[in-house]
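Scroll down for the structure; my scribbles are underneath it.
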Amino acid sequence: MALGLAVLTISPIVMASGRHSPVAVASTPTSVASVQPAADRLARTLPVRDPELRLPEATPTPVPTPVPTPPPPPPTATPVAKAAVATPPPAPPPAPGTIEAIIKTAADANGVSYPWMLKIARCESGLNPRAYNASGPYYGLYQFLQSTFRANGGTDIWDPVQQANITAKMLAHGQAHQWGCA
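Heads up: the sequence shown begins at 222 in our numbering, then just goes up one per residue.
Structure representation (structure tokens):
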């Protein structure tokens, strides 16, 4: 028993000794009244653990999504004085009675591009309303099959006015696939 009492007396000194200076232990028991002021000080400095008290959960800080930087704008050309840039004058209207005039009239009447229709006719027949291709056989300004021409209201396959009007009507209705040159 004497050994136990010695261990109890020495253990606070040994435990407190680590990096701190030795602590003197009172050999007489302390009363509750003398310990109370120290307990009040500890209660004021230590956080109170209340089971009803809940701290807000830490929300993770959102990681910003990297935004790709846009490519640099293309280099701009040096401004050119307006006097140096000349807009070509509009093409003169086709001469009345010519194949070009017939095509322009048909294109305008059906809301189709005149240059587009002119390009197709140049490619298909070289603007020749009497052109003939035996491999079809294809006839006229826009190289129609006789059956296609008649199915679209044509009566004279050699008439450039009928060919231009039927072509313009077909192009306006989305049938450009009928011509390889379209």
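Heads up, the beta-carbon is just placed ideally off N, CA and C, and yes, glycines get one too.
Classified as exposed, S368 has fewer than 16 neighbouring CB atoms from the shown chains inside 10 Å of its CB. Within the DSSP bridge table, the entry for N349 names no partner. Annotation: the continuous alpha helix (DSSP H) that includes V382 extends over P381 to A393. Residues S334, Y335, M338 and A389 of the same chain have their beta carbon placed closer than 7 Å to that of A328, with the five preceding and five following residues left out of the count. The DSSP-derived three-state label of N373 is coil. The bridge partners DSSP lists for N354 are Y359. Between the alpha carbons of N331 and A393 lies a gap of roughly 6 Å.
A distance below 7 Å separates the beta carbons of Y363 and E345. Using a Cβ distance threshold of 7 Å, I323 and A385 count as a contacting pair. Closest in C-alpha terms to P317, from the list V382, Q399, G395 and W400, comes V382. For the pair G357 and L366, the CB atoms are nearer than the 7 Å cut-off. Counting the other CB atoms within 10 Å of its CB gives P289 a total below 16, which places it among the exposed residues. Sequence-distant partners of R351 (beyond 5 residues in either direction) whose C-beta falls short of 8 Å from its own C-beta, in its chain, are G361 and W379.
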